[in-house]
Amino acid sequence: MRVSLFFCSCNCKFLFFFLLPSRNSHDEANSSSAVNHSEDESGNENRQKSVRRKKRPHEGSENVKRKSAKASRSSVSRAGGSRGKRRHVEAVTLFQVVTMGRSAMQVVIDDWIEAYVTDRDSSLLDLISFFIQCSGCKGVVTAEMCQSKEDSEIMSKMVEELDEVSGLQYKKFLAFPWILTVTWPMDTDNVEYPLIQSGPYGRWFHSEFCEFVSVLVAQCQHSVIFDSYMMNTLISLLTELSDSYVRAFRHTCTLAAVKLLSSLVNVALSLSVGIENSQKLHEVQKTKTRQKSTLQQERIQKKITELQEKRAEIESMMDIIFKGIFLKRYRDVLPEIRSICMEELGLWMKLYSSAFLTDSYLKYMGWMMHDKMPDVRLKCVLGLQGLYGDPPLLPKLDLFTNRFKDRMISMTLDKDNEVAVQTMKLLLLISKTCDVLSPKDYKQLLQFVYSSQRPLAAIAGELLFSRLLNTVAPASDTQDEINEEEAHKQQTSARLKALLQFYQESELHKHVVYLVDSLWDCGGALLKDWHTLTSILLQDSSSHSPGLTQAEQAVLVELLVASVRQAAEGPVLAGRSGAKKVMNAREKKIQIDDCTKLTGHLLVVLPKLLSKFSGSCDIVASLMKIPQHFLSECLEADNTQAVSGLTEEIGAVLDRHSGPPVLEAAARTFLSLCGAETACCSVARAARDSLVQRWVDQLTALLGDTLSLKGESQSFSADEEKTGEILATLKKLRAFHNCHDLLKWNVFELLSPLLSVESSEGEAPPEVLLEVLQCLCYCMLWSLNTSTETLTSREKAVTQRLQLRLFCERGNRCLSHSDHSVRQQAFLGVCDVLTAHSYQLQVWDPSSYGPLLYTPSPKLQRALLTFLCMHIFVGPDCENQSSVSENSEMERLEDLHKRRNLLAAFCKLIVHGVLETSMAAEVFMYYVKYYNDFGDIIKEMMYRTRQMDRIESARTLVLCLQQLIVRLKREQESGAGAHPGVQTFTCIKELARRFALTFGDLVKFRDCVVMIHRNGIEFVFQEFIQTPETPTPPYLSYLTILSEFSSKLLKPDKKAVFSYLQKHTAEHIIDLREECWQPLIYYRVSLLAVVEGEDAMSYVSSDRKLYLPNRSPLSRQKLEGSKYPCAFSPVDSKVSKVPKSSFSLSNQERTTDMDPFSVPMEPPAKRLNIEGSVLSTGHEADDDTVEVEL
């Protein structure tokens, strides 16, 4: 954009315009052309390509008559270097200088100062135009000279108003010695001005604009800033524009004003330094007795007085800006302005504390910490961090700290994470420098080590470390008697005890990993001192130092395991966000070094720890997790003996304990040790195989004594002790089979006889059956997963399919077991095995042997579906039964989690093609009723099945709705009580509406929606024979359900569906006056109302004309002898398009010809009060056509 500024010097009046970019801007330089323009031709100079720092030559200069134009051209040439030599620039405005960098600013501002000394009025007008241009203003500014500031008539003319007729806004204000009038279009507040433009340009302009203000004051501080003319005019301008209701003026000028005050603070600081140096020099001269020193003292004293006067004048300017602009704008409605004010206030108090660091200024910080915008609160906290981080300023903050301490503590719970983090940093500074936080405050703040936000938790961990752990002194005072290592051990032990005490007092005994993660950045050296940690755990209580209690030992073991995990895996934790997920090269090297150290140390010490704590199930379960983090490269041949000792201790622990945590930890540990191909891993594999072989031999012997043959089935008979041994061995096999391939031990043949018991008298206990089902499920999953390696012949493939069939049959039998957990495990096992079998068939290579096809029997499919309906979609009565217990909420959530897993397993069968898609109808019908519990699972299955086959998925939705209607009809006819599988008509309609919402893309799902309508029409009218006893189809109400899908039809498809509906209603006598036909009316209206918002009555009235189509003689006789006098039967009707104007009747015609009742657009739940004739008296149509407005 080119900005042409014109000055008319007449009777001390100056007039300059901001004109639009125009080829004939010289000819059209008038006020009307300056304001009557479009937004597309915006005069905002910042939107143009001048940002690239290449200035175009202007036809008209900013001030043609100024003598300083030549100086400006020379300045730009000097700033631009060789570029200034290549191009000839006639004039550069101050606004254009912003885009040219700091070097150009200094040169041009120096030239502006020279021009100001020569002609200060013209130069000030240039500066005024600069600030108005930076506001993005594209209007006209008029300047008039004012002789007196105290003229009352002048102040009465200071207005800001808008003229809606001309579309202009006016602001007239006093910037002594001028009265400025700014005229701009009304839409200025809706245009992006430079400060708020998105992208890097907005941020760049912000910094350059602030730099311009600071450079202006810095270059003027030794000359014109003290002439009582420039600063007064500038402050008056910024004060008036910052008070405007136009956002652009208010925002830009407030930023300029506070930056101006910050620059004045720097000037005042430099003056204070000069005064201090002069006073020191004056004191030195006092010690001298020569006559020259007296003269020098007088000169120095005079200089001190001048500097003090200048500083007083600067402070007066700062006070005017603060009271005239800051006090009005710090609570501005625009949050950006409030943030600017708070940011600069913190800077003023830090830099010029003698004037600003008082309670009268600090109160604004405290008040704005309650601001509703996070950015404003953040600026306050950041400003206070700078104050509390400067020790000399702390005495002046005592009253503020006591007054707003509670607010700062409460801000750690701020909804904005950054505000909470910075507030915690502020409180950490306060805790290090001031003793104002009480023990209650510390207790509240230290709990943030368990926060879900890692940055906040890390700062709280630093507070904990500095408060409790870093201040603990060594336990012994006899430093001469102990060496340095022992002193370090005692100090570490004291810190660990303090940490254990804090953890136990917090009563959050399942969050050790979060505590370690919070302390890792500041106390990593303490937590990674594994040698001291293990030595404390291994020391006896009989030694000279007091030992740990059993609870403290358990917590210390948890800390040890958590520190090992943190060193091996990093700070990524479930449920905690904000951690750095990608490590750099230095962090990776530190991680490898830590893993090497912990592997070398704990591989030797861990067997001793397992041996000492072998009696505690929880402690050994935690200790056995440590080898999972060992570095496999360290498990070389030199460590074979250590690995052997570790596996022996694990085996000894497994002989004593059979709890799930111990077994799972041992199985995963062996999986980690057996993973790599090293000498130590072969030792671990041998130890694992020895354990499994021993368990299989024990179980074979036990089952040989327990199972007996009665007739053709097995019978289980064992006492309680033997049953316990069988159960413990089964648990071990099940835990290891979950992680390891145990197929070579033939566990399936060993355990399958336990499921062959048919009578309830000789069957195994439910606990045994539960473990057997899980073991057999793992056997089948491993067999299917390793099919490519194990199935080397057809005989093996046949054997695998026989095992699969046997497992499914036995699982089907267990679905009707009396124990609920057995039923659930059988259902889950069968679903998982069938899903895995389907997946293996998809990835099987036909060139080699693979699993043979197995299809579940119809009996098994029905059993799975029955279990689904009876045990997953349970009614409210079943849910209320669990509310009697004490932990009802936890039990309900746990039960819901199990049912979600069961439903997901069944849905996988449909998605993977094991079951027909039509079986999903039983699941879809509960989509709305159980939306909160299973809505996400059902919706995902709907999406997956639609990806497989859109038409088949749509048919399933139709089948679901039709089944619900049929069940509802049967229940109404039988009059029986409510059945869990029956839903009300309103629920079915809502379900159809939800189904319709899933068809978003009308073109993509066009065939699906048409199929739904055709299927629904056939469902209602097909095989229906009209008799006097049954005048309407039994499922006619389904048309109301079907109308929910009408909005998803395209206009051509609506016409086709309507024709299809007429075809099926042709042979039936339909009386639209009867309430029983209301669903048909409702459905027809939904098909005919192709334009949203049209009057539905036009369609209904046209449909209700008496129409006697060509019929067979039998049909005519039937119609003439019918008791329904006003019949409607549109057979073979032709839909004709009628011009819309032919239906635009006058009010009188509408009164006489319109149907006397209206058709409701909601479902027909209310009875229609039909009075008068339902026939239209308009022009009769031909015998073969029906007039329909589309």
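Residue numbering for the sequence shown is 1 to 1190, as defined by the numbering used here. Glycine residues also receive a C-beta, built at the ideal position from the N, C-alpha and C atoms.
Spatial distance of residue i from residue j (CA atoms)
i	j	result
LEU125	VAL224	15 Å
THR669	ARG685	11 Å
LEU964	GLN1078	20 Å
LEU347	GLU485	48 Å
ARG203	LEU261	21 Å
ALA904	ILE937	7 Å
PRO1139	ARG955	Confidence in PRO1139 is poor, its pLDDT being 35 and thus under 50, which makes the residue's placement too unreliable to answer from.
LYS969	TYR1035	8 Å
HIS531	ARG801	54 Å
GLU809	ALA863	11 Å
LYS1054	PRO1028	32 Å
GLU208	VAL98	6 Å
SER616	PRO660	14 Å
ILE325	THR181	20 Å
VAL768	VAL692	19 Å
PRO1033	LEU1080	11 Å
Spatial neighbours of residue i in its chain, beta-carbon cut-off 7 Å, leaving aside the 5 residues before and after
i	result
ASN738	ALA667, TYR778
Neighbourhood of residue i by C-beta, 8 Å cutoff - its chain only, sequence neighbours within 5 removed
i	result
ALA1056	VAL1010
ASP529	THR492
GLN861	LEU915, MET919
LYS1048	ALA996, PHE999, LEU1002, PHE1005, VAL1009
ASN402	VAL436
PHE322	LEU261
Selection from the options that minimises the alpha carbon distance to residue i
i	options	result
LEU345	PRO335, GLU336, TYR330, LEU334	TYR330
LYS608	SER535, VAL564, CYS634, SER316	SER535
GLU648	ILE872, ARG688, ALA992, PRO1052	ARG688
LYS363	PRO374, LYS396, ILE340, MET373	LYS396
PRO357	LEU393, LYS732, SER717, GLU894	The question names Pro, yet the displayed sequence has Leu at residue 357. If we check each option's Cα against that of LEU357, LEU393 comes out closest.
LEU853	GLY975, ASP371, VAL798	VAL798
THR790	LEU742, ASP819, ILE409	LEU742
LEU238	ASP227, SER717, LYS489, LEU255	LEU255
LEU560	VAL833, GLU587, LEU499, ILE592	LEU499
LEU699	LYS259, GLY389, CYS775	CYS775
LEU727	TRP745, LEU751, VAL833	LEU751
ILE1012	TYR361, PHE1045, CYS210, HIS1064	PHE1045
LEU1088	PHE1058, HIS1068, GLN1062	PHE1058
Endpoints, the alpha helix (DSSP H) within which residue i is located
i	result
ASN417	417-433
GLY386	374-388
GLU795	794-814
CYS739	720-739
ASN232	230-242
THR93	Neither: THR93 is in no alpha helix (DSSP H) and is coded neither H nor E.
LEU1002	Segment: none, LEU1002 is in no alpha helix (DSSP H) and carries neither H nor E.
MET368	359-368
ILE348	Correcting the residue type first, residue 348 is Trp in the shown sequence and not Ile. Here the alpha helix (DSSP H) through TRP348 covers 335-351.
LYS1048	Per DSSP, LYS1048 belongs to no alpha helix (DSSP H) and is neither H nor E.
GLN488	What sits at residue 488 in the sequence shown is His, not Gln. Run containing HIS488: 484-506, per the alpha helix (DSSP H) assignment.
ALA257	247-286
ARG970	950-974
Same chain, Cβ closer than 6 Å to residue i, neighbours up to 5 away in sequence not counted
i	result
LEU351	VAL265
TYR514	TYR450
Closer than 7 Å: residue i CB and nearest the ligand SAH heavy atom
i	result
GLU809	In the structure on display, the ligand SAH does not appear, and there are no ligands present to speak of.
Worksheet item: Using 8 Å as the Cβ pair cut-off and three pairs as the minimum, do the region 905-923 and the region 983-990 touch?
Response: No, the region 905-923 is not in contact with the region 983-990.
Worksheet item: Between the region 629-648 and the region 593-605, do three or more beta carbon pairs fall short of 8 Å?
Response: Three or more pairs of CB atoms, one per stretch, sit closer than 8 Å, so the region 629-648 contacts the region 593-605.
Worksheet item: Is the region 615-623 close to the region 576-594, with three or more CB pairs under 8 Å?
Response: At 8 Å Cβ cutoff, the stretches do not touch.
Fill in: Stretch-stretch touch, CB-based, cutoff 8 Å, three pairs: the region 280-299 with the region 364-374
Because the criterion of three Cβ pairs below 8 Å is not met, the region 280-299 and the region 364-374 do not touch.
Worksheet item: Contact between the region 370-380 and the region 413-420: three or more CB pairs below 8 Å?
Response: By the C-beta criterion, the region 370-380 is judged to be in contact with the region 413-420, since at least 3 inter-stretch pairs fall below 8 Å.
Worksheet item: For the region 402-412 against the region 423-443, are there 3 or more C-beta pairs whose distance is under 8 Å?
Response: The region 402-412 vs the region 423-443: in contact.
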